[in-house]
Amino acid sequence: EPGIYSATVQAEQTGVYEFEVEAMLDDESLGSAPFAVRREDGVAEHFAIQQNRPLLERVSQLTGGEYFSLDNLADLPEAIRFSQAGIVETQVLPLWSMPINFLLLILLKAG
Numbered sequence: 018e019p020g021i022y023s024a025t026v027q028a029e030q031t032g033v034y035e036f037e038v039e040a041m042l043d044d045e046s047l048g049s050a051p052f053a054v055r056r057e058d059g060v061a062e063h064f065a066i067q068q069n070r071p072l073l074e075r076v077s078q079l080t081g082g083e084y085f086s087l088d089n090l091a092d093l094p095e096a097i098r099f100s101q102a103g104i105v106e107t108q109v110l111p112l113w114s115m116p117i118n119f120l121l122l123i124l125l126k127a128g
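Quick note, our numbering runs 17 ahead of the 1-based positions in the sequence shown.
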């Protein structure tokens, strides 16, 4: 497929491996990107990557939430819309940005 490239590197020893990829068009460099990966022994990086459904269902029950699978995913937008959790936004305003406070101060000073 045009624009998609892959490479495989056998990292025999532990440590950091540094790479740099360069995009070329004819003989012109379009840019490059360096990156590094670390290879370690005893690290199960992709161990148990599947979803832990029983744990997620238990967490949702304990927190008053709901677990959505692919079967009932279409219900998610409606559940969010009518959620009791709501969105909380805190706004800190100076005292003088509320005219009622200014009027109360004038009344207290005058009276």
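Each residue gets a CB set at the ideal place from its N, CA and C atoms; glycine is no exception. What you are looking at is a predicted structure, and each value in this text was computed from that prediction instead of being measured.
With contacts defined as CB atoms closer than 9 Å, E39 and S23 fail to qualify as a contacting pair. Here DSSP, grouped into helix, strand and coil, assigns S114 to helix. A24 carries a coil assignment under DSSP once its states are collapsed to helix, strand and coil. Taking each of P19, Y34 and G20 in turn and checking the Cα distance to V26, the smallest one comes out for Y34. The three-state reading of DSSP puts V105 in coil, since its state is none of H, G, I, E or B.
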